[in-house]
Amino acid sequence: MSKPKNMENIKFSIPRPITPVIKPPMYRSIFSNSVKTMYKTNRDCHRTMGYAEVPLKSPTQFLKKNTRKVTRPFVEKTNYVCPMKSAPQLHGTGATKKPWKSLRDEVPKNFIQMNIIDVVRKVPPLPKHRVQDTRNGHVIVLNEAGLEPKYVLNKSNHSALDNINFLMQPLTFDIELTEHAANIVKDDNYGKMPKYIIKMHDDMKTAKRLEIEKINASKPLSPLRLVTPQERSELINAQEIKMNKLNTEFLLLPVVTDTIAKVRRKTHLERTLKDMEDRIDLLNRKKVIYVRQDA
Numbered sequence: 001m002s003k004p005k006n007m008e009n010i011k012f013s014i015p016r017p018i019t020p021v022i023k024p025p026m027y028r029s030i031f032s033n034s035v036k037t038m039y040k041t042n043r044d045c046h047r048t049m050g051y052a053e054v055p056l057k058s059p060t061q062f063l064k065k066n067t068r069k070v071t072r073p074f075v076e077k078t079n080y081v082c083p084m085k086s087a088p089q090l091h092g093t094g095a096t097k098k099p100w101k102s103l104r105d106e107v108p109k110n111f112i113q114m115n116i117i118d119v120v121r122k123v124p125p126l127p128k129h130r131v132q133d134t135r136n137g138h139v140i141v142l143n144e145a146g147l148e149p150k151y152v153l154n155k156s157n158h159s160a161l162d163n164i165n166f167l168m169q170p171l172t173f174d175i176e177l178t179e180h181a182a183n184i185v186k187d188d189n190y191g192k193m194p195k196y197i198i199k200m201h202d203d204m205k206t207a208k209r210l211e212i213e214k215i216n217a218s219k220p221l222s223p224l225r226l227v228t229p230q231e232r233s234e235l236i237n238a239q240e241i242k243m244n245k246l247n248t249e250f251l252l253l254p255v256v257t258d259t260i261a262k263v264r265r266k267t268h269l270e271r272t273l274k275d276m277e278d279r280i281d282l283l284n285r286k287k288v289i290y291v292r293q294d295a
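In the UniProt record's numbering, the protein residues as written are 1 to 295.
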């Protein structure tokens, strides 16, 4: 429903007085008055601008001689006597002192003659290995530029090119020292093999050993194993020793077997001796014998 226009409201017919807004008191420090007073007094204004008139000293107050001499207190000198010096000294008991030699007594050195001798005895330097592209071109010293191989441990006259060819060979899994490398290593003048090459060979041997162990571990174990000749001879000797003991027991049995126990004892020994004879005969006849893995 729309409101009718020009409708008067008696609520705002009497104007209301506007209430003034009262602000809170402004903060003022208790030292504000003292600071203002101190600022207005201009105390020690010469600290920044200096004195208005510089106070000068009189002409008579100049630096005079011996005016700053410090007089130290007098100390009386006392002579202390060592008790060891007062005792009688024994001559010839200690080491004799060498007479003091003055520097003036030394023979003066002839530095000119010494320099001449040093120059004559000096070994001439070896010529540098240089490379030059043209007659007036750029000169390159190969050793200083790092373009020439330098072997720290090489003390012999082996060819550097041969050593480089040996070291730059393609490394296979089962690499071995060639005849040339063996001759270099055996030479006493060569020094020793570099550590990185020794480590490389050790790592390759370890890798090969681990691969062989891995291949052997992956293979299925056979239920039987071959008896070695040493084990076979040990078995035969042990059987013979045991057979001799049983034979001695059999010979010590009584001749008359009038009881059942004696008969059983004799029969058991005869059967055991017969089995051991067959076993020894089998070991002697059969050269190849297989047994179980856990045997």
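Idealized CB from N, CA, C, for every residue including glycine. Quantities reported herein were computed from a predicted structural model and do not represent experimental measurements.
Check whether the Cβ atoms of residue i and residue j lie closer than 8 Å to each other.
i           : j    : result
E249        : L269 : yes
N143        : K122 : no
L224        : V291 : yes
residue 341 : I236 : This structure leaves residue 341 out entirely; the chain is present only between 1 and 295.
M243        : M200 : no
P254        : K262 : yes
Am I right that residue i and residue j are in contact with their C-beta atoms under 8 Å? What's the rounded C-beta distance?
i    : j    : result
T272 : K266 : In fact, because the Cβ distance is near 11 Å, the residues do not count as touching under 8 Å.
Taking the alpha carbon of residue i as the reference point, which residue from the options has its own alpha carbon closest?
i           : options                : result
residue 334 : S13, I140, R264        : Because the chain spans 1 through 295 in this model, residue 334 falls outside it and cannot be assessed.
A238        : S58, I198, N216, I280  : I280
Q293        : V227, N247, D278       : V227
G146        : R135, R130, T134, H138 : R130
P229        : T259, P124, K286       : K286
K274        : M114, N247, P17, L251  : N247
From the DSSP secondary-structure annotation, give me the bridge partner or partners of residue i.
i    : result
Q132 : V139
R121 : R121 pairs with nothing; no bridge assigned.
Y290 : L226
Comparing the C-beta of residue i with each C-beta of chain D, is any distance below 8 Å?
i    : result
T228 : No chain D is present in this structure, which holds just one protein chain.
Complete alpha helix (DSSP H) runs within the stretch 194-231 (minimum length 4 residues, chain order): 195-218
Quick check for students: name the residue ranges of the alpha helix (DSSP H) that lie wholly in the stretch 3-58, counting only runs of 4 or more. 32-41, 46-49
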